[in-house]
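Participant: I have a structure here, written as structure tokens, and I will follow up with some questions on it.
Here it is, written out as structure tokens:
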């Protein structure tokens, strides 16, 4: 198959990238319609302009993009490769234009949200789905934080919004906060754990004899905190709250869990709730807090949603387990 002879370029021909978005749009139209003439009608151009532009591109690239020997204009392998990658480029340009328009109207490039480990994630997923429906160009970046980690993320600028920060450890900083709710804790063991057979409320001495499953404080700069641990108790430190839950289900140890997360496993019989003599580990007041001043539309959207008492309750109490 012979390639069309290159056309002579005049000395004053402007130089630049041989492939432009306009040419990619032309190639896409020709490939879809199978005809230079139909592509011209779709793009509101004269057929000769389409033909000239494609031949000129073929000359610059020194390849044949279309097989014109039949009734339809058919892409060659080189033309197919160019169009496949070109469509990706066109989509990227469209996304970029949408992103720029969004930024011009006050939408952030990225919103960083620190979620406390004791908070239920299902309502977060529901919010993410609602946020996606806005068509915003804002990228959401989540982190899971333990104990002082949420405040540390805000103070260090690693988060713009913290959901489920411990009210008792709030450090000074340029942020505001509102009550989220109260996280209640319950002491849990696997059904086959030795403590599951104890019928009376567990004493500190009985608990101390068994390994505790804990999650480490994720704070980097602020002093690390501890919760619900007894002195001299052996412990296994897990990387996430879900890993702690899984370890306790396996019977590797015992410990307090937020009811918002433990409820479903208690209902399924994978964990057993045990009464304890120690009362100080019952609950934790939680806040949602944000960096000030508030400027971006995405942060304003999330703060507006968090004004819902029902949403806050679902975050701190979890979804009721089925009967």
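Residue numbers (UniProt numbering): 1 to 323. Beta carbons are placed, not taken as given, at the ideal position from N, Cα and C, and that holds for glycine.
#1: DSSP beta-bridge partners for residue 236?
#2: Helix, strand or coil for residue 139, going by three-state DSSP, please let me know.
#3: Can you tell me which residues form a DSSP beta bridge with residue 116?
#4: Could you have a look at residue 6 and say whether DSSP puts it in helix, strand or coil?
#5: Under 8 Å by Cβ, that's how I've got residue 318 and residue 259 pegged, so tell me the actual separation to the nearest angstrom.
#6: To the nearest angstrom, how far is it from the Cα of residue 304 to the Cα of residue 203?
#7: What does DSSP give as the partner residues of residue 165 in its beta bridges?
#8: Does DSSP classify residue 79 as helix, strand or coil?
#9: Express the C-alpha separation of residue 114 and residue 162 in angstroms, rounding to a whole number.
#10: With a 10 Å radius around its C-beta and 16 neighbouring C-beta atoms as the bar for buried, classify residue 323 as buried or exposed.
#11: Between residue 245 and residue 191, is the Cβ-Cβ spacing less than 8 Å?
#12: Between the beta-carbon of residue 175 and the beta-carbon of residue 301, is there less than 8 Å?
#13: Can you look up residue 273 in the DSSP assignment and give me helix, strand or coil?
#14: Which of the three DSSP states, helix, strand or coil, is assigned to residue 34?
#15: Does residue 110 come out as helix, strand or coil in the three-state DSSP assignment?
#16: Measuring CB to CB, does residue 284 end up less than 8 Å from residue 166?
#17: Beta-carbon within less than 7 Å of residue 123's beta-carbon, same chain only, minus the 5 sequence neighbours each way: which residues are those?
#18: In angstroms, rounded to a whole number, what distance separates the CA positions of residue 88 and residue 82?
#19: Between residue 61 and residue 18, what straight-line distance do the alpha-carbon atoms span, to the nearest angstrom?
#20: On the DSSP bridge list, what partners appear for residue 311?
Facilitator: A quick look at the data gives this:
#1: 213
#2: strand
#3: Partner(s): 145.
#4: Only weak support is given to the placement of residue 6: the predicted model assigns it a pLDDT of 48, under 50, and the value that follows is read from those uncertain coordinates. Secondary structure of residue 6 (DSSP, three-state): coil.
#5: 7 Å
#6: 44 Å
#7: DSSP lists 287 as the bridge partner or partners of residue 165.
#8: helix
#9: Answer to the nearest angstrom: the Cα atoms are 5 Å apart.
#10: Low confidence applies to residue 323: its pLDDT is 36, below 50, so where it sits in the model is not reliable enough to give any reading.
#11: A distance of 8 Å or more separates the beta carbons of residue 245 and residue 191.
#12: For the pair residue 175 and residue 301, the CB atoms are not nearer than the 8 Å cut-off.
#13: strand
#14: coil
#15: strand
#16: yes
#17: 311, 314 and 315
#18: The straight-line gap from Cα to Cα measures roughly 10 Å.
#19: So the alpha carbons of these two residues sit roughly 7 Å apart.
#20: BP columns for residue 311 are empty, so no partner.
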